[in-house]
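J.:
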Amino acid sequence: MIIDDQHYDVIIIGTGAGGGTLAQKLAPTGKKILILERGDFMPLEEQNRAEVDIFKKARYRAPERWYDPEGESFSPLMNYAVGGNTKIYGAALLRMRERDFEEVKHQEGISPEWPVKYNDFEPYYTEAEQLYQVHGQVTNDPTEPPHSADYPYPAISHEPCIQKLVDAVAQKGLHPTSLPMGWTRQEDDPTSDSQVYGIDLALKHPNVTLKTGAKAVRLLTNASGTEVKAVEVEINGQSCLIFADIIVLACGAINSAVLLLRSANEKYPTGLANRSDQVGRNLMKHQMTAIVQLDAAPNSGQFPRSVAVNDFYWGDENFSYPMGHIYNTGGLLQDVIFAESPPIFSVLTKAIPQSGLKQLAMRSIGWWAQTETLPDANNRVRVSENKLYLDYTSNNAEAHDRLVYRWLEVLKSIDKQRANVYPRGEVPVQVMANQCGTCRFGEDPNTSVLNSNCRTHDVENLYVVDSSFFPSGSGVMPALTVIANALRVGDHLISILN
Ligand SMILES: Cc1cc2nc3c(=O)[nH]c(=O)nc-3n(C[C@H](O)[C@H](O)[C@H](O)COP(=O)(O)OP(=O)(O)OC[C@H]3O[C@@H](n4cnc5c(N)ncnc54)[C@H](O)[C@@H]3O)c2cc1C
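So for the sequence shown, the working numbering puts the first residue at 119; every next one is plus one.
1) State the Cα-Cα distance for the pair Phe173 and Leu195, rounded to the nearest angstrom.
2) Taking only three categories from DSSP, how would you classify Ala375?
3) Is Trp525 helix, strand or coil by DSSP?
4) Return yes when at least one heavy atom of ligand 1 lies under 8 Å from the C-beta of Gly370, else no.
5) Using only the heavy atoms of ligand 1, determine whether one of them is closer than 8 Å to the beta carbon of Gln553.
6) Just to confirm before moving on: does the CB-CB distance between His610 and Arg393 stay below 9 Å?
7) Rounded to whole angstroms, what is the Cα-Cα separation between Val335 and Ile228?
8) For the alpha helix (DSSP H) containing Val600, list its first residue and its last residue.
9) In three-state terms, what does DSSP make of Tyr581?
10) Is there contact here, the region 180-197 with the region 517-524, by at least three beta-carbon pairs under 8 Å?
11) When the distance is taken between beta carbons, is Thr556 closer than 9 Å to Arg380?
12) Using the three-state DSSP reduction, which class does Lys322 fall into: helix, strand or coil?
13) Could you check if Lys149 is buried or exposed, using at least 16 other CB atoms within 10 Å of its CB as the buried criterion?
14) Can the beta-carbon of Trp486 be found less than 9 Å from the beta-carbon of Ile444?
15) Around the Cβ of Gly449, are there at least 16 other Cβ atoms within 10 angstroms (buried) or fewer (exposed)?
16) I need the straight-line Cα distance from Lys322 to Thr139, nearest angstrom please.
17) Report all residues from its chain with a CB closer than 7 Å to the CB of Gln255; omit the five preceding and five following residues, and keep chain order.
18) Could you give the distance in angstroms between the alpha-carbon of Thr309 and the alpha-carbon of Pro230?
19) In three-state DSSP terms, what is Gln255?
20) Using the three-state DSSP reduction, which class does Ala286 fall into: helix, strand or coil?
21) Under 9 Å, do Gln553 and Ile317 count as touching if we go by C-beta distance?
22) Nearest-angstrom Cα distance between His224 and Asp363?
23) Are the beta-carbon atoms belonging to Ile483 and Ala135 less than 9 Å from one another?
24) For the structure I just gave you, are there three or more beta carbon pairs, one from the region 343-359 and one from the region 589-601, closer than 8 Å?
25) For Asp429, count neighbouring Cβ atoms within 10 angstroms of its own Cβ and tell me buried if that reaches 16, exposed if not.
26) Using CA coordinates, which residue listed in Leu212, Ala210 and Thr330 is at the minimum distance from Met160?
27) Going by other Cβ atoms of all chains shown within 10 Å of its Cβ, with 16 needed for buried, is Leu412 buried or exposed?
28) Measure the Cβ-Cβ separation of Gln548 and Gln488 and say whether it is below 9 Å.
29) With respect to the alpha helix (DSSP H) encompassing Lys143, which residues constitute its N-terminal and C-terminal limits?
30) For Asn446, write down the residues that DSSP places opposite it in a beta bridge.
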């Protein structure tokens, strides 16, 4: 085992939305910071941004196998690289709604209250929107929470085919709104990610070091288990011990839980910082259904996402429970719906040559319907015989079905000629895109892993700043909340580092 002679003030493990953002926040403190990332820098290729590649060609699948409860192995859609999953994400950067921070009754159960409220997050949402250059507009969306500042950039304009639909939906009395998007305005690399706005900015400071190809495999504590003393890291096949005062996990919800579970020791036989038995549990991702609408006129097939509809977020006149969030997919030629060849296209893909499919995609408009799932202790990541298992069964199904059919009704009512709309099934377990919840934060150490500063209740110098901390998932996508939280925890860490 190699021993690193350096001693760091802070080690951050992972460079995604949480880790990358925290690194740039802490860098100006001048403290000695080491960032560990198991992946490498991703080459800037056109494919990086083409979702077709992400999903269909398995280009960005992690080079490892995970297991479902039946013991079937699969290759997960995870991007191990500097920037993590933000290198391949859709960059729709939304704030959670004010009520999402409170206890909310859903048809199938309770979405628990957060220990920190919207007002505590608001300044950090604003900071996050500035940092990641979010383009948006505060409109009359009934669910939009209060903003202390406008978005830093104007909303992305709608493609003409989308604008037509937005106008028609608004005429129905609904409130289509602009989808807030992170956008760099740089032709060659337009997506705003946590490499560009996190790691690259952090590395401008001489006190910050990044080691890539460095996979953290275990955390070692002092004899009483009150502090992590060292991180065991695999670098080029060699084991190395690195020491620091503060350790921050930002490996993503699944991998941070795995690291804690694999760090079990005498004091923590079921996993480090796991006295609550909650590490790895309450894994959540959204219920998502894609809807494809055939249009009379062709479109370019390649245009950005730009519109969201939240009128059914908290329910409707027939259903008094939350239903979720609708947004357009962008042009289908670059989108996952087309790439995944879901059931609606599977028959066609056999029957129609590729050029025909392209024509079909250019006459299609895609939508995602997205619903919150509720935390369930049995939905979990577990490690057994060194294999990673995902036990996951979705919930809140009726709310989601109602959202899908409500949106179909809207589309059909707009244009009876274009009533050719097709729902498709849920995104499979391999795609844990919006994963969260495996180390939830809360006041009670018996029922939560982290306190409200995202420090583990059990271990004094151990923090988690990726999407693990979510006690509930809300109906919107998680990245802006992960980023805002990393900025919030960053302020706390600055106060104890100084
Ligand atoms: C295809 C796709 C589209 C998405 N679109 C959106 C969207 O439009 N809007 C949105 O809000 N969210 C979106 N998401 C989700 C979003 O990307 C995540 O919520 C966000 O990246 C989570 O940040 P994180 O810090 O928790 O983890 P990640 O971004 O996953 O970062 C984890 C990092 O840790 C590293 N790592 C893992 N294990 C170790 C280890 N043992 N040692 C060292 N390093 C390690 C990984 O390589 C990675 O760099 C999307 C995700 C995907 C996959």
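All residues carry an ideal CB built from backbone N, CA and C; glycine is no exception. On a predicted model such as this, the values are computed, not experimentally measured, just so you know.
T.: In short, the structure shows the following:
1) Taking the sequence shown and counting its residues from 1, the one referred to as residue 173 is at position 55. Taking the sequence shown and counting its residues from 1, the one referred to as residue 195 is at position 77. Residue confidence is low: Phe173 scores 49 on pLDDT, short of 50, so the model does not pin down where it sits. Its coordinate-derived value is still stated next. Cα to Cα, the separation comes out at about 8 Å.
2) Taking the sequence shown and counting its residues from 1, one reaches residue 375 at position 257. Ala375 carries a helical assignment under DSSP once its states are collapsed to helix, strand and coil.
3) The residue you call residue 525 lines up with position 407 of the sequence shown. In this structure, Trp525 counts as helix in the three-state DSSP scheme.
4) For the purposes of this step, residue 370 is taken as the residue at position 252 of the sequence shown. When distances are taken from the beta-carbon of Gly370 to the heavy atoms of ligand 1, the shortest one is below 8 Å.
5) Position 435 of the sequence shown, counted from the start, is the residue given in the question as residue 553. Answer for Gln553: yes, Cβ within range of ligand 1.
6) Looking up residue 610 in the sequence shown gives position 492. Looking up residue 393 in the sequence shown gives position 275. His610 is not a Cβ neighbour of Arg393, given a cutoff of 9 Å.
7) Along the sequence shown, read from residue 1 onward, the residue named residue 335 stands at position 217. Along the sequence shown, read from residue 1 onward, the residue named residue 228 stands at position 110. Their Cα atoms are separated by approximately 35 Å.
8) Position 482 of the sequence shown, counted from the start, is the residue given in the question as residue 600. Under the DSSP assignment, Val600 falls in the alpha helix (DSSP H) whose first and last residues are Ala597 to Leu615.
9) Counting from one through the sequence shown, the residue named residue 581 turns up at place 463. Residue state, collapsed to three classes: strand.
10) Counting C-beta pairs closer than 8 Å gives fewer than three between the region 180-197 and the region 517-524, which falls short of the contact rule.
11) Looking up residue 380 in the sequence shown gives position 262. Looking up residue 556 in the sequence shown gives position 438. The Cβ atoms of Arg380 and Thr556 lie no closer than 9 Å to each other.
12) Position 204 of the sequence shown, counted from the start, is the residue given in the question as residue 322. Residue state for Lys322 is assigned as coil, using DSSP reduced to three classes.
13) If you number the sequence shown from 1, residue 149 lands on position 31. The residue is buried, with at least 16 neighbouring Cβ atoms inside 10 Å.
14) Taking the sequence shown and counting its residues from 1, one reaches residue 486 at position 368. Taking the sequence shown and counting its residues from 1, one reaches residue 444 at position 326. Using a Cβ distance threshold of 9 Å, Trp486 and Ile444 count as a contacting pair.
15) Counting from 1 along the sequence shown, the entry for residue 449 is found at position 331. Buried is the call here.
16) Taking the first residue of the sequence shown as position 1, residue 322 is located at position 204. Taking the first residue of the sequence shown as position 1, residue 139 is located at position 21. Their Cα atoms are separated by approximately 14 Å.
17) For this step, residue 255 is matched to residue 137 along the sequence shown. For Gln255, where only same-chain residues beyond five positions count, the Cβ hits under 7 Å are Tyr269, Pro272, Ala273 and Ser296.
18) To locate residue 309, count along the sequence shown from 1; it is residue 191. To locate residue 230, count along the sequence shown from 1; it is residue 112. Looking at the two C-alpha atoms, the distance is approximately 32 Å.
19) By 1-based counting over the sequence shown, the position of residue 255 is 137. Under the three-state reduction of DSSP output, Gln255 falls in the coil class, being neither helix nor strand.
20) Walking along the sequence shown from the start, residue 286 turns up at place 168. Three-state result, Ala286: helix.
21) Reading the sequence shown from its first residue, position 435 is the one you call residue 553. Reading the sequence shown from its first residue, position 199 is the one you call residue 317. The answer is no: Cβ separation not under 9 Å.
22) The residue you call residue 224 lines up with position 106 of the sequence shown. The residue you call residue 363 lines up with position 245 of the sequence shown. Answer to the nearest angstrom: the Cα atoms are 42 Å apart.
23) Here the question's residue 483 lines up with position 365 in the sequence shown. Here the question's residue 135 lines up with position 17 in the sequence shown. No, Cβ-Cβ distance for Ile483 and Ala135 is not below 9 Å.
24) The region 343-359 is not in contact with the region 589-601.
25) Residue numbering aside, residue 429 sits at position 311 when the sequence shown is read from its first letter. The residue is buried, with at least 16 neighbouring Cβ atoms inside 10 Å.
26) By 1-based counting over the sequence shown, the position of residue 160 is 42. Ranking Leu212, Ala210 and Thr330 by Cα distance to Met160 puts Thr330 first.
27) Within the sequence shown, numbered from 1, the residue matching residue 412 stands at position 294. Leu412 comes out exposed.
28) Start at 1 with the first residue of the sequence shown, and residue 548 comes out as number 430. Start at 1 with the first residue of the sequence shown, and residue 488 comes out as number 370. 9 Å or more divides the Cβ of Gln548 from the Cβ of Gln488.
29) Position 25 of the sequence shown holds residue 143. Residues Ala135 to Leu144.
30) Here residue 446 refers to the residue found at position 328 when the sequence shown is read from its first residue. Beta-bridge analysis with DSSP links Asn446 to Trp485.
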